[in-house]
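Notes follow once the structure below has been shown.
There are 2 protein chains.
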Amino acid sequence: MFIEKLISKINEKKNPTVMGLDPKLEYIPLSIRRKNLELFGNTFKAASESIFEFNSKLMDAVIDVIPVIKPQLAYYEMYGIEGLIAFCRTVEYGKKKGFIIIGDGKRNDIGSTSQAYSSAFLGRTVLEDGGKAAAFDVDALTVNAYLGIDGIKPMLEDCASYNKGIFALVKTSNPSSSQLQDMVLEDGRKVYELMADLVTEWGNELIGEHGYSSVGAVVGATWPEQLKTLRSRMKSVYFLVPGYGAQGGGAADVSAAFDNKGLGAVINASRSLMCAYKLDRWKKDFTIEEFDLACREEALRMRDEITNEIN
Amino acid sequence: MFIEKLISKINEKKNPTVMGLDPKLEYIPLSIRRKNLELFGNTFKAASESIFEFNSKLMDAVIDVIPVIKPQLAYYEMYGIEGLIAFCRTVEYGKKKGFIIIGDGKRNDIGSTSQAYSSAFLGRTVLEDGGKAAAFDVDALTVNAYLGIDGIKPMLEDCASYNKGIFALVKTSNPSSSQLQDMVLEDGRKVYELMADLVTEWGNELIGEHGYSSVGAVVGATWPEQLKTLRSRMKSVYFLVPGYGAQGGGAADVSAAFDNKGLGAVINASRSLMCAYKLDRWKKDFTIEEFDLACREEALRMRDEITNEIN
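From first to last, the protein sequence lines stand for chains A and B. Position 26 of the first sequence, counted from 1, bears residue number 26 in the working numbering, the numbering being contiguous throughout. Every number in the working numbering is 311 more than the matching position in the second sequence, counting from 1.
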């Protein structure tokens, strides 16, 4: 199952962190960008080549440190078809190198459309004469469950058939998550607590031997109090925690996401790893051309900071 | 502005309907599929060619009848990169033929990621040396606002700059939309009513001369009572109404979505148009090979049924 594969990879690297790959051209050294500009002109193709080169060097740099990568689809879709080719190459390269891949797409729809998203990212697409093929084929996909179980059920079936997982948005890291998610229902629960209860229930058939389900939840690092109460409310649900680093969440904030065995969560950092060379703590040691070396140092630091906090 | 362009196109065709293009291989005549199977093998490329041919014939068939098409991204993503090439070709063909294009992707995220989705579908992506290019470039995009205004704001800016629109999920057509959307808050509003109020507010800066905003809402045809109360609650918000036809909503159900001038909503049908040849009312007259002729008859019938109901 996905959840057991995830836990096993976390244990192997002794590190519950995720590298978010949300690349923008401006993060990438000019040496790479100028080369592709000369080869392909000022096009999406040039951007796509630069992004893949950037991503692959980042993955190489942390291969023995970080167990999971999370490319965010928006940053690839913005470069059109060529951008999605960079997404596919990133996923393929990441798999070959042994990373677990979470596709961050926050997909959502109902019935047969949800099934189509599930086929695109988790399952298989039916071709002619009963043939089937995988399209984007990540290990897990982030989803938005505003539409209820109708949008989730087809994905649960593919999770079971193909050892895949989903992470549903529960309480997001941004300030305005309060506009809807924090509103109080007449039964006393907040909207995100209702969502937490639904997500927990939906995952009940996909619980592995460590007591966690392949149906996880996204809970932001910027809300440490809520992380703590959700950890005890959603005992069988693994958390994907964004908002560490650039968004302001620290190791003490995210420690509440873990159980007393040090399991229960993966902590994502995107900008603080991709652009570690810009951080105050590294900018004297590394240039932008050494983005990969800086990323490795920051990945090691982040690992140590988080594992010290939870042990 | 998007909303004025939409209303003008609806008035031109005297028809407030949308053709959803959610293609599956099984909907497409064997003559088309076998040809592409021979040319390209049992591949996503063959599927992509068949889908584009199917879509373009459907568009040709209703060109003087229907003002808006709505390709649903999931059905293209399931065929991988090749599927997205069919999406792009469909959008390009639709634009050339004068349709308004709503990209149905229900995208959602926060801050710079929301900006990336907005660049991908509504605005422009920054390349080297200040160059900009459009990636998928539809007229409007469906979005999911569970994350609050942080996920919507970057899109509002692109809507203003590039004359684009968004439609945010408010009350969806599926049975389990009640699990979250119908829950009652302590202030007496249901969750979808809170969402309705937020969406209305977010659109206040983008209201055109007809009193409607370029920030619209998705409200399902399967909930006629809610359509009626939302129509009076969201006076400046145009509705995109799915669920007519195959999902069970009828003309009487959707009439509540319109104001007393016959404006205020576009009604989407997908399967009942794409697969009109399967409907009881047409299957004696048309074979699957005549899917385009059947689609045209159903489009005319749907137009007359809805316009009779609202006039």
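For each residue, glycine too, the CB sits at the ideal point set by N, CA and C.
By alpha-carbon positions, which one of the options ends up nearest to residue i?
i, options, result
"Leu517 of chain B", "B:Ala471, B:Ala562, B:Leu496, B:Lys501", "B:Ala471"
"Val379 of chain B", "B:Lys325, B:Glu439, B:Asn485, B:Ala568", "B:Lys325"
"Met338 of chain A", "A:Trp202, A:Glu12, A:Asn163, A:Gly94", "Nothing can be reported for residue 338 of chain A: it is not among the residues displayed for chain A, which extend from 1 to 311."
"Gln558 of chain B", "B:Ala568, B:Gly531, B:Arg542, B:Thr540", "B:Gly531"
"Tyr254 of chain B", "B:Phe355, B:Ala567, B:Leu604, B:Leu438", "The structure shown does not extend to residue 254 of chain B, since chain B spans only 312 to 622, so no value can be given for it."
"Ile152 of chain A", "A:Thr17, A:Tyr76, A:Leu180, A:Gly216", "A:Gly216"
"Tyr75 of chain A", "A:Asp259, A:Phe44, A:Pro29", "A:Phe44"
"Lys171 of chain A", "A:Glu186, A:Gly264, A:Asp150, A:Leu194", "A:Leu194"
"Lys443 of chain B", "B:Leu433, B:Asp415, B:Leu452", "B:Leu433"
"Glu77 of chain A", "B:Arg612, B:Gly441, B:Phe447", "B:Phe447"
"Asp461 of chain B", "A:Val143, A:Ser178, A:Gly130, A:Leu156", "A:Ser178"
"Ser357 of chain A", "A:Ile3, A:Arg301, A:Asp259", "No information on residue 357 of chain A is available, as it lies outside the stretch 1 to 311 that chain A covers here."
"Ser425 of chain B", "A:Asp22, A:Ala116, A:Cys275", "A:Asp22"
"Asn174 of chain A", "B:Tyr457, B:Leu574, B:Cys606, B:Arg345", "B:Tyr457"
"Val143 of chain A", "B:Asn419, B:Val552, B:Ala479", "B:Asn419"
"His521 of chain B", "B:Gly514, B:Gly575, B:Val510, B:Ile396", "B:Gly575"
"Asn579 of chain B", "B:Leu384, B:Ser429, B:Arg614, B:Gly459", "B:Arg614"
"Gly165 of chain A", "A:Arg189, A:Gly262, A:Gly103, A:Met183", "A:Gly103"
"Lys417 of chain B", "B:Lys381, B:Ser359, B:Glu315, B:Ile392", "B:Lys381"
"Pro535 of chain B", "B:Leu551, B:Gly560, B:Gly556, B:Met494", "B:Gly560"
"Arg89 of chain A", "A:Lys284, A:Val138, A:Ala61, A:Ile32", "A:Val138"
"Thr618 of chain B", "B:Val529, B:Tyr503, B:Lys572", "B:Lys572"
"Val510 of chain B", "B:Phe363, B:Glu608, B:Ala479, B:Asn322", "B:Ala479"
"Tyr192 of chain A", "A:Glu157, A:Met234, A:Asn204, A:Asp64", "A:Met234"
"Ala445 of chain B", "A:Gly83, A:Leu240, A:Thr125", "A:Gly83"
Beta strand (DSSP E) containing residue i: first to last residue?
i, result
"Pro553 of chain B", "Careful: Pro553 of chain B lies outside any beta strand (DSSP E) and carries neither H nor E."
"Asn268 of chain A", "265-269"
"His478 of chain B", "With the sequence shown as reference, residue 478 of chain B is identified as Phe, and His is not the correct amino acid for it. 476-482 is the extent of the beta strand (DSSP E) around Phe478 of chain B."
"Ala100 of chain A", "As written in the sequence, residue 100 of chain A is Ile, which differs from the Ala given in the question. Counting along the chain, the beta strand (DSSP E) containing Ile100 of chain A begins and ends at 100-107."
For residue i, write down the residues that DSSP places opposite it in a beta bridge.
i, result
"Met19 of chain A", "A:Ile69, A:Ala269"
"Ile207 of chain A", "A:Ser213"
"Lys132 of chain A", "A:Val126"
"Lys501 of chain B", "B:Val495"
"Val530 of chain B", "B:Lys482"
"Gly560 of chain B", "B:Tyr555"
Where do the ends of the alpha helix (DSSP H) carrying residue i lie?
i, result
"Ser236 of chain A", "Unbroken run through Ser236 of chain A: none, as it is neither H nor E."
"Arg614 of chain B", "602-621"
"Thr142 of chain A", "No alpha helix (DSSP H) contains Thr142 of chain A, which is instead part of the beta strand (DSSP E) from 140-143."
"Thr354 of chain B", "Where Thr354 of chain B is concerned, there is no enclosing alpha helix (DSSP H), given that its DSSP letter is neither H nor E."
"Arg400 of chain B", "391-407"
"Pro340 of chain B", "Run containing Pro340 of chain B: none; DSSP gives neither H nor E here."
"Phe2 of chain A", "2-13"
"Gly254 of chain B", "Because chain B spans 312 through 622 in this model, residue 254 of chain B falls outside it and cannot be assessed."
"Tyr277 of chain A", "That residue, Tyr277 of chain A, is in no alpha helix (DSSP H); it is neither H nor E in DSSP."
"Asp158 of chain A", "153-162"
"Tyr386 of chain B", "385-388"
Going along the chain, which residues of the region 438-450 of chain B sit with their C-beta nearer than 7 Å to a C-beta in chain A?
Leu438, Glu439, Asp440, Gly442, Ala444, Ala446, Phe447
Using Cβ-Cβ distances below 7 Å, what residues of the region 416-436 of chain B are close to chain A?
Lys417, Asn419, Asp420, Ile421, Gly422, Thr424, Ala427, Tyr428, Ser430, Ala431, Thr436
Beta carbons nearer than 9 Å to chain A: which residues of the region 487-503 of chain B have them?
Ser487, Ser488, Ser489, Gln490, Leu491, Gln492, Met494, Val495, Leu496, Glu497, Asp498, Gly499, Arg500, Val502
What residues in the region 381-407 of chain B bring their beta carbon closer than 8 Å to a beta carbon of chain A?
Gln383, Ala385, Tyr386, Glu388, Met389, Tyr390, Gly391, Ile392, Gly394, Leu395, Ile396, Cys399
Using a Cβ-Cβ cutoff of 8 Å, what residues of the region 146-173 of chain A are near chain B? List them in chain order.
Tyr146, Leu147, Gly148, Ile149, Asp150, Gly151, Leu169, Thr172, Ser173
Members of the region 547-579 of chain B that neighbour chain A once the beta carbon cut-off is set at 7 Å
none
So if I threshold CB-CB distances at 7 Å, which residues from the region 195-214 of chain A count as touching chain B?
Met195, Leu198
For the region 42-74 of chain A, list every residue whose C-beta sits within 7 Å of some C-beta in chain B, in sequence order.
Asn42, Phe44, Ala47, Gln72, Ala74
Please list, in chain order, the residues of the region 27-42 of chain A that have any C-beta partner in chain B closer than 7 Å.
Arg33, Leu37, Asn42
Could you name the residues of the region 9-23 of chain A whose beta carbon sits closer than 9 Å to any beta carbon of chain B, in the order they occur along the chain?
Asp22
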